[in-house]
Amino acid sequence: PRSSQKSPFPAEDRNSDYLPKLESMFTEDHLFYEEEGWYGFSDYVTIGEPYSESGFTPRAVAIHWTYEPIVGSPIMIRHFTSFSNHDSTADVGGKFLEAAGKLVSFLDAEGIHTHASEVMRTHFYDGTYPGLGIVKKLSVQNHLELVSGILSRS
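Here the sequence shown is numbered in our numbering, starting from 96 and rising by one per residue.
Following this line, the structure appears as structure tokens:
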């Protein structure tokens, strides 16, 4: 058996580069992998293929969130980026809440209620900053929940 593995994450050099890029197609492999003769498909979720041992304090916070706009459509990825990115690494927690506010408004408008989405809502409404590592984990968790739900329909 063969499976397809791709890295569809649209990586940018800086988080602030996502500010003008609201959304892009992430993958449609879930729609065609069987007819293309694949046993399965995989991706590097919302973190991309390149691995980095170290992190850094960002000037902007970007939250990447996958979703299926219409049942049976390609998976899209949205980028929710903080707006107070004045060449400063100060107040990452405040920048997180800016990006999370955009995310929560989108989740509410789209009626998205994955477990990861509910955790993000809780952090936003409680005004808590869980750290960027947890934000990344929630983004990955949301993607896994999304793909699992899509595959369970077929």
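Glycine included, C-beta positions come from ideal geometry on N, C-alpha and C.
Collapsing the DSSP output to three states places Y162 in a strand. Classified as buried, M215 has 16 or more neighbouring CB atoms from the shown chains inside 10 Å of its CB.
For A185 and Y224, the gap between their C-alpha atoms comes out near 14 Å. Counting every other CB atom within 10 Å of its CB across the protein chains shown gives H174 a total of 16 or more, marking it as buried. The three-state reading of DSSP puts H210 in helix, counting H, G and I together. Counting only the Cα atoms, G228 lies some 16 Å from F219. The alpha-carbon of N110 is positioned some 10 Å away from that of H159. Distance from H210 to E163 at the Cβ level is roughly 16 Å; contact not present, criterion being Cβ atoms closer than 8 Å.
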